Each structure stands twice: as C-alpha cells, then as structure tokens.
Amino acid sequence: MKAPERYYDFQKDISGCGIFGVIHKKKGLIKGEIPIKAMACMHDRGNGLGGGFAAYGIYPDHADKYAFHLMCDDQAGLDAAEEVLKRYFTIHASEPIPTRRVLSVKNPPVVWRFFLSVKREKPQDLREVFDEKDYVVSVVMKINTGVPGAFVFSSGKNMGAFKGVGFPEDMAEFYRLDEYSAYIWTGHNRFPTNTPGWWGGAHPFTLLDWSIVHNGEISSYGINRRFLCEHSYICTLMTDTEVVAYLLDLLIRKHGLSKDLAAKVFAPPFWDEIARMSDEDKELYTTLRAVYGPAMLNGPFAILVADNTGLMGLNDRIKLRPLLVAEKDDMVFMSSEESAVRLVCPKLDSVWMPKAGEPVIVNLEA
Amino acid sequence: MLFQPINKNYHDYRIERDKDLCINCKVCIRQCAYEAHFWDEARQKVRHDNTKCVGCHRCEALCPTGALCIRLNESEFRPNACWRPIFMKNIYKQADTGGVLLAGMGSPVDIPVYWDNLLLDASQVTNPSIDPLREPMELKTFLGSKPDRVEFAAPAKGKKGKPKLTTKLAPQIELNYPIMFSAMSFGSINFNLHVAMARAATELGICYNTGEGGLHKSLYKYGKNTIVQVASGRFGVHAEYLNAGAGIEIKIGQGAKPGIGGHLPGEKINEKVSETRMIPVGSDAISPAPHHDIYSIEDLHQLIFALKEASRYRVPVSVKIAAVHNVAAIASGIVRAGADIVAIDGMRGGTGAAPAMIRDNVGIPIELAIAAVDQRLRDEGIRNRASIIAAGGTRCSADVVKAIALGADACYIGTAALLAVGCTLCGKCYTGKCPWGIATNDSKLSKRQNPDIAARKMANLIRAWGHEIEEMLGGMGLNSIESLRGNRDKLRAVGLSSTEMDILGVKHAGR
Ligand code: SF4
Ligand code: SF4
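Taken in order, these protein sequences are the chains called A and B.
Going by my numbering, the first sequence opens with residue 947, and the numbers climb by one from there.
Going by my numbering, the second sequence opens with residue 6, and the numbers climb by one from there.
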C-alpha cells in the first residue's frame, strides 16, 4: 500500500530486556508461579517501565472463541470499543479481567475481556474480507487506531496477554496470574530508555494467536517497516516487536512458510555457509535471501514466539543477546539467564545455548 | 596580450615554471597533448603558452625536477554576482566560433550535493556495533526481478521431509560489492581501459558496463562480469553480443545529457573501434536522441522482450534513464514494461562530451531521484520486481552507503573509476587528446594506460570502498547490506528544508 504521509518520521522505542518462556509438550498445565518467579529473578533486566506475560490454554471453556483483552482509559473508552465489537462479532461473554490492587501499580487502566465469534452476516465495510483471521485483525486495527482510549492487547484463541507498566512481578500480582495455569507461558521484563510508560507498549506483543517477547534492538527496523508497509501492515507502535509480529503473520500465515523457514528469513545463513550447502539448499537459501532480504532482522536480538502450536526461540545470527534452553521431562524452558530457570527447576535434564541464528522449535504434541 | 583573439586573453590556467629547477629536458613538451609547452630555438629553452593549457596537470605530474605548477589564472574581472566569469568567457568563445559549447565530465555547477547533507547513524550501548575484522560482514548483492513471495510444495501426504521450493528465481546478476563500473563506451575511452575494467570486474566479482560502443571480441571471455549496453545507435549490437554478458542494458538516457544523443567524432574511430562498432573507420558515430524504435513506453516493453527473447531469458534486462523531473513515474512505467533493473543516472554523471548548457541545466540530482523512485515503486507494490542502480556523482564509499540507505541496490561508478587511473577532471574529454591516456584513442596517448596497472588500481579502489562500507555497516549494527537497503532510518539530514527531507524520506538530525 502507499505509505502514509511522513511515514519516515517516526520515533522508536529502544530497550533492553529479560525474557522467559516455558512449554509443556504434552499440554500439561504449568502453574503461574513458575514464570512469575523466573521473571522476578531477572528483576534487574528491567526498570519497572514494562512487564508482562502471555499464557496459552487458559480459556478451555471458550477455546473456540477469540479472547479479546482490552485496556481502556475509562468506561467511555470501553463502551465505545464494545460498540465496535458488537458490530463485527457475536459476544459470548464479557467480563472484567480479574485484578488486585497493587501499591506499586499506579493508575491502572480499565481491563476487560470479551469472548467473540465472527458474525455470520459481516457488516458492509468488511464484507469483502473473506479470511476470518484478516477480518479479526482488521477489527483490532479499527479499535487500536480509531477508538480513542481503547486498546486491544490480545486477540487469540484460548490464550491471553497480561501486561502493563511495572515490573513483571507487579503485573503478575495485579492480574492475579498465580491463579492461572497454562501449557505455554512467556514473560517479559523491559528496560526502555526513551518511552514514557504506556500500558499498551509493554510486552508480550500479540497478533491473533501469536505472542512475542523480544530482547534486543532491531537495527534493520527502518527497512522492515517499509517492507511491511508494501504488504499493507502499518507499524504504529514504535516498537521493534511489532515488526516481528507482522513479519511472522506475513511469512507464516500469508506466504505459508514454516516456522523454521521464517526463522531462516529472520536470521539467514551467511553466504559463505550457503556456498558450502548442497545444490538444493543453496537454491533454497539464495532464493529466500534474495526475496526476503528486507525482512531479515539485523541487530542484536533474542526472541520467543509462541502460538497455539508451540514455542520458538531464536537468536540473531551472531548471537548478540543471551538465550538459553533447558529441558526437564516434558517441559522446555527458554530464558535470558540460567539462574531464572534453575530457580524454578533446579534439576534439569539438559541445558544449552542455542547457536546463533539456529531456531529452537518446540511443538505441542497433538 | 596583443594580437590574439579576445577569448585567448582570458585563459583559465597559468603554467608556472621554476627557472632554477627546470633542466630543459622537454618532458613537458612530450607529455602535453595540447602543445602548451614548446622548444624555443632562439632562446634555447623550454617555454610555454598559457592559453593552450587545459589544466590536466599531466606535465606537472611528470616533470622530473618538479619545476612545474599549474595554477588558476588569477586575472580577475570586476566582481558581478550575476555575470560570473564563466558566462562572460562562454560568450567570447561563442562570438568567435558560432558553435555549441562543448563540455566533458560531470557538471561542475553548484547544484546541491545532497550526500553532503545526509549523515549516517552508528550504534551506541543499546545495540553493539559489529567489528568487520572479527565478524562476517556481507555485501553480496543480487540484481534482478524478485517474486512477491517464495512458494513451496508441501511434502507428499504421509511423507516426512522438508517442503520443496517451487519458486524459480528470475535471472540475477550476482555482485560481491554493491558497486559496478558504469557505462563508458569503447571509443569514448580506449581499449586499454576496457581491458582494465573487464579484468578488475572479474577479479572483484562485480560487473562493468560496455557502454554503447559494443564489445571487442577479445573481451568476450570476461562475459560473466559484463553488462552489454544497447543504445540508440545500436553500435556493435548483434546476437552474439547480446548473449555475451551477464546482463543487457537499454540506454535511454544519460545524466550528463538527458534528452540528447551522442556524437563520437570520426577521428576517434580507429580500426579497433570501427570493427567493434561495426562502422567504417573515420566515420562519425552518431547516437540519435531517442531510440527510433522507442517512442513510448509500450515500444520499450517490446524492446525489453525482444532482447529477452534474443538472450533466451538467461539474463536480466536493465533500462538506464537520466534522472529527470518525472523520474518516479517513468521508472514505474519501466518496471511495468518488464525491466528487471532500472539504472538512474543523476545530473552530476560524467560524459565524454555534452553540450555544456544541457549538462549544467537539465536533470535532477541522483539523491532525490533515487528516493523518489524507491518510494514510488514501494507505494505501488512493485519494488521487488526490479533492482535500482544509482549512477552519477558517487564520490566515495559513504555516498554508496547513503545511496543504498535511500533505496538503491547498487551504484554505478564512472568518474571515480577514471580518477583511479589518473584522470584529473580537466573536463576536456571531448577533444580526444586526454593527456592521461583515458578519453583518447590516439595510440601515443592511450599507451599511457597500462591495462595491468589500471586494472589493479580500479580493483584496489573497489576493495578499499568495500572495507569502508563494511566498517560503516558494522558501526550501524548491521552485518548485511540488505538490511541497509532502503533503511532511511539510518540517515539524518542536516540543513535541508522540510520539502527536501520529505522527498528524501529522512528526518532532520537531532530528531
Ligand atoms: S594541458 Fe596539461 S600537460 Fe599541457 S600544460 Fe596544461 S597541465 Fe600541462
Ligand atoms: S578523462 Fe582525461 S580529458 Fe577527461 S577529464 Fe579526465 S584527464 Fe581530462
């Protein structure tokens, strides 16, 4: 699409972070206290300006509904957003997200969740959007860019993000995450250097079922966002993580790449490695790099990507940010620091540092 | 001086000869192609005629005792902001000759050089810079059309294994550096330099462009590193030629002289040039202003596909245009017409000969053109269908980096390559007497260029720039050139208006 006026004139968030993820391959439920304790252990990797978690498998009763988490400045914002939702969706349940009052969490927004399904009769303006997921994304964008004071921060099925301004352990306390159990958890602790705290700006960043926590700075951001704009994704949230989410959506959902190949687009093999590959792989990676060069993520990063099929960890191709993987029975941990894993699971079967650019993909067993 | 035409009085240079150092060896006499130095029988010493000097500095460089110094003639007219000396001198000249003012090399006029107003970024703390001496740093570049997406066939049901790639990449030109030697025809520069460019390009793993004068048969062996050009004169174009290179370029225009053709005077057409261009020895080689089979975009479409047919779709086809006012819309049309590469030549691009009025007044700077074209192609969703090459006025590796950050895939360098072999930008290429043995086919002069040495110098230049580009990339926290391409966030403007920044798509420094 045509780039909006002055699209080049943007400010971007710069931050360092701590990340943690855990998955139970057999969908065994992991108590909230595990990720909470692990994130609290990495307290110093953040500065209290952003923390959050994503959890999968937490809404089994509404597993086939889109679980929308909204944060609103006030009741009016929520009402306006609800009006929009009513127009496009059938609302099956609507309730406040349970919270506690926490001393260190100042001025929290109104947080609410809806369980939704797409209306059979789509309203005129989105009638032409045939793909259900595109439809859901369009409505999310409508609210996030069109309804003042309301923000959808989670929109997948049987999953949810919980985040805000504060240390992750404060956020966990606020959202009562100790009361949830999930088969995948990810957590994020943020050290922004330039943004004033905004609840929506905290991580995990989500799009449909995707949730992303990310430690790093994407130096290729400038071209990644222009590439996304060509594919009709407009980056507005001033964060690197947003481009990761949109790129995943583009590469995996729209272009049909596997997670592994998407990871190879983000952190491609070097040309001299490609030169040593078999002819078939040579052609594959040359094509991938030539076509998706603008989607390569360059700069230091460690990211964890979760969706309803599993958890993936990935480093940049020269491993400029820490990422460690550990296994214990059916559980796999991924973390910035080993200490966080050892705290919640002292006896591990194996621990290793994934190689630069090599994705670690853990799929849920069906 | 008395008794000489008015325009001779106001010559541009003065030759200073240190009487104590000069040993009357006559080297300067032999070196100066313009006969500015001469032997004075009566006085038994070397003397000179300042009016003949074009300021090429050849004699100064070759004088064994360092006795010579070429200076601007200090003679000054009454200052006048409007009637600057150049305009006055031009009028004196034209009053004498009644002819068009000719000029060589890129325009020296003071139009803004935006490279100088763009600054690059570097990493500090929040992301680490990358040291190219310790970590891999990738400059490899592919020129050619890329598909919208990569497609795979899923493995057969029940079978394990990787999905199979079904996308076949269109033909690409693979470059080890995002830099190529620009089109300089055999004829406008001599054979020795064509050999040098071909060898340097081969050694570096880049390409050189034949220009519009065909390809000498002895150079076919460098075909993998050659882009063959097809221009309006169609000199030296035949089936074998079209299949000789790694790419074909249709030359529509040249930055130094948009909208007009070319004229290689008969004196430059020697045996070798004649057989290569397929025209008689001594006949003028005239390239018409337009291609007489391209009067519209659909005609270009036909020529692009005629060339693809002729080369059996083995190589990408590039279309080179001068940067003119509507360059973005034109480039979009060219991409839609099927070009795999669009080369854009800015108004500071060099030339062997151009009318001075055209060179100095027609066209737009390359920086604005590249920014506009890249943005337009992206807005239309067709940026992937063609690569963009920036040409005209690339002076150093930082200019290359900035061009790529604005959106170019690679840069063509012409003037810089000639400087590498000794050109001093005297701007008199159109006389055919280049004392440095570059823009001349006179065998006495052209032998001043040794192809081996020239190839080494050209290769050195690209390698040096390559190292510098790697340093700059690493400083920005990038380890691959594709993450810089179009990444305008790595650029900031200093001292530009908001309109200029809007066209360039960059923010002001400090923001
Ligand atoms: S034209 Fe060149 S060689 Fe001749 S006098 Fe001038 S500087 Fe020297
Ligand atoms: S190529 Fe020769 S004639 Fe042309 S500017 Fe350079 S030195 Fe002068």
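The beta-carbon is built from N, C-alpha and C at its ideal position, and this holds for glycine as well.
Just so it is clear, the structure is predicted and the values come from calculations on it, not from any experiment.
Report the three-state DSSP secondary structure of residue 1233/A (helix, strand or coil). In the first sequence, residue 1233/A corresponds to position 287, counting from 1. Looking at residue 1233/A - three-state DSSP - the assignment turns out to be helix.
Would you say residue 1161/A lies against chain B (beta-carbon separation less than 8 Å)? Mapped onto the first sequence, residue 1161/A falls at position 215. No, residue 1161/A lies away from the interface with chain B (no Cβ there is under 8 Å from its Cβ).
Alpha helix (DSSP H) runs wholly inside the segment 71-124 of chain B, at least 4 long, in chain order: 90-102
Listing by chain order, which chain B residues have their CB less than 9 Å from the CB of residue 1237/A? For the purposes of this step, residue 1237/A is taken as the residue at position 291 of the first sequence. Near residue 1237/A (Cβ distances below 9 Å), the residues of chain B are 151, 152, 153, 154, 155, 172, 174, 389.
Does residue 360/B come out as helix, strand or coil in the three-state DSSP assignment? Looking up residue 360/B in the second sequence gives position 355. Here residue 360/B sits in strand by DSSP.
Across which residues does DSSP place residue 1000/A in a beta bridge pair? One-based indexing of the first sequence puts residue 1000/A at position 54. 1107/A, 1132/A, per the DSSP bridge assignment.
Would you kindly check if the distance between the Cβ of residue 1161/A and the Cβ of residue 1267/A is under 8 Å? In the first sequence, the residue the question calls residue 1267/A occupies position 321. In the first sequence, the residue the question calls residue 1161/A occupies position 215. Residue 1161/A sits close to residue 1267/A, with the two beta carbons spaced by under 8 Å.
Taking Cβ-Cβ distances shorter than 7 Å, what residues in chain B pair up with residue 1169/A? Here residue 1169/A refers to the residue found at position 223 of the first sequence. Within 7 Å Cβ-Cβ: 488, 490, 491, 492.
Let me check understanding here. Comparing Cα to Cα, which of 967/A, 948/A, 951/A, 1062/A lies closest to residue 1291/A? Position 345 of the first sequence, counted from the first residue, corresponds to residue 1291/A. Comparing Cα-Cα distances from residue 1291/A to each of 967/A, 948/A, 951/A, 1062/A, the minimum goes to 967/A.
By Cβ distance below 7 Å, which residues in the same chain neighbour residue 187/B in space, the five residues on each side in sequence not counted? Locating residue 187/B in the second sequence gives position 182, counting from the first residue. Around residue 187/B: 214, 396, 417, 418, 419.
Provide the residue span of the beta strand (DSSP E) that contains residue 1217/A, from first to last. Working through the first sequence from its first residue, we reach residue 1217/A at position 271. Note, residue 1217/A: premise wrong, no beta strand (DSSP E); alpha helix (DSSP H) at 1217-1221.
Start-end ranges of the alpha helix (DSSP H) lying completely within the segment 252-303 of chain B, minimum 4 residues: 276-282
Just to confirm the assignment, what range does the beta strand (DSSP E) spanning residue 22/B have? On the second sequence, position 17 is the one that residue 22/B refers to. Counting along the chain, the beta strand (DSSP E) containing residue 22/B begins and ends at 18-22.
Compare the C-beta of residue 230/B with all C-beta atoms of chain A and state if any pair is closer than 8 Å. Counting from one through the second sequence, the residue named residue 230/B turns up at place 225. No, residue 230/B lies away from the interface with chain A (no Cβ there is under 8 Å from its Cβ).
So, does the segment 1247-1264 of chain A touch the segment 175-192 of chain B, judging by three or more C-beta pairs under 8 Å? no
CB residue 19/B to CB residue 76/B, shorter than 8 Å? Along the second sequence, read from residue 1 onward, the residue named residue 19/B stands at position 14. Along the second sequence, read from residue 1 onward, the residue named residue 76/B stands at position 71. Yes, these two residues count as a Cβ contact at 8 Å.
Where residue 37/B and residue 1166/A are concerned, what is the direct C-alpha to C-alpha distance, given to the nearest angstrom? The sequence position of residue 37/B within the second sequence is 32, counting from 1. The sequence position of residue 1166/A within the first sequence is 220, counting from 1. Rounded to whole angstroms, the separation of the alpha carbons of residue 1166/A and residue 37/B is 52 Å.
Output yes or no for whether 8 Å exceeds the beta carbon distance between residue 1155/A and residue 1109/A. Numbered from 1 along the first sequence, position 209 holds the residue referred to as residue 1155/A. Numbered from 1 along the first sequence, position 163 holds the residue referred to as residue 1109/A. No, they are not a contact pair.
Hey, is residue 239/B's beta-carbon within less than 8 Å of any beta-carbon in chain A? Counted from its first residue, the second sequence places residue 239/B at position 234. No, no contact with chain A.
With a cut-off of 8 Å, does the C-beta of residue 386/B fall near any C-beta of chain A? As a first step, residue 386/B is located in the second sequence; it is residue number 381 there, counting from the start. So, interface residue.
So, is the C-beta of residue 1188/A closer than 8 Å to a C-beta in chain B? Your numbering for residue 1188/A matches position 242 in the first sequence. For residue 1188/A, the answer is no, since every Cβ of chain B falls outside 8 Å of its Cβ.
Measure the alpha-carbon distance for residue 197/B versus residue 450/B and round it to whole angstroms. Here residue 197/B refers to the residue found at position 192 when the second sequence is read from its first residue. Here residue 450/B refers to the residue found at position 445 when the second sequence is read from its first residue. Cα-Cα distance, rounded: 11 Å.
Looking at the structure shown, is residue 375/B part of a helix, part of a strand, or coil, going by DSSP? Residue 375/B sits at position 370 when you count from the first residue of the second sequence. In the structure shown, residue 375/B sits in a helix (DSSP, three-state: H, G or I).
Measure the alpha-carbon distance for residue 349/B versus residue 371/B and round it to whole angstroms. As a position in the second sequence, residue 349/B is number 344, starting the count at 1. As a position in the second sequence, residue 371/B is number 366, starting the count at 1. Near 7 Å, if we compare the C-alpha coordinates of residue 371/B and residue 349/B.
Check whether the Cβ atoms of residue 1234/A and residue 1164/A lie closer than 8 Å to each other. Here residue 1234/A refers to the residue found at position 288 of the first sequence. Here residue 1164/A refers to the residue found at position 218 of the first sequence. Not in contact: residue 1234/A and residue 1164/A (Cβ atoms no closer than 8 Å).
For residue 512/B, return the contacting residues in chain A, with the cut-off set at a CB-CB distance below 9 Å. Mapped onto the second sequence, residue 512/B falls at position 507. The answer, in chain order, is 954, 955, 956.
Cβ atoms of residue 1099/A and residue 1008/A: under 8 Å apart, would you say? The residue you call residue 1008/A lines up with position 62 of the first sequence. The residue you call residue 1099/A lines up with position 153 of the first sequence. Contact: no.
Chain A contacts from the segment 117-141 of chain B (Cβ-Cβ distance under 8 Å): 128, 131, 132, 133, 135, 140, 141
Pick from 476/B, 238/B, 377/B, 388/B that is closest to residue 504/B, judged by C-alpha positions: To locate residue 504/B, count along the second sequence from 1; it is residue 499. With distances taken between Cα atoms, residue 504/B lies closest to 377/B.
Mind listing which residues of the segment 196-220 of chain B have their C-beta closer than 8 Å to chain A's C-betas, in chain order? Those residues of the segment 196-220 of chain B that come within reach of chain A (Cβ to Cβ, closer than 8 Å) do not exist; the list is empty.
State yes or no: is the beta carbon of residue 1298/A nearer than 8 Å to at least one beta carbon in chain B? Residue numbering aside, residue 1298/A sits at position 352 when the first sequence is read from its first letter. With 8 Å as the cut-off, residue 1298/A does not count as an interface residue toward chain B.
Using beta-carbon positions only, say whether residue 1217/A and residue 143/B come within less than 8 Å of one another. In the first sequence, the residue the question calls residue 1217/A occupies position 271. In the second sequence, the residue the question calls residue 143/B occupies position 138. Result yes, Cβ atoms of residue 1217/A and residue 143/B sit closer than 8 Å.
Could you give the residue range of the alpha helix (DSSP H) that holds residue 422/B? In the second sequence, counting from the first residue as 1, residue 422/B sits at position 417. That run of the alpha helix (DSSP H) goes 420-425.
Reducing DSSP to helix, strand and coil, say where residue 1152/A ends up. Within the first sequence, the letter at position 206 stands for residue 1152/A. Correct three-state label for residue 1152/A: strand.
Count the other CB atoms, across all protein chains shown, that sit within 10 Å of the CB of residue 1175/A; report buried if there are 16 or more and exposed otherwise. Locating residue 1175/A in the first sequence gives position 229, where the first residue counts as 1. Buried: at least 16 other Cβ atoms inside 10 Å.
Under DSSP, the beta strand (DSSP E) around residue 45/B begins and ends at which residues? Numbered from 1 along the second sequence, position 40 holds the residue referred to as residue 45/B. In this chain, the beta strand (DSSP E) harbouring residue 45/B covers 42-45.
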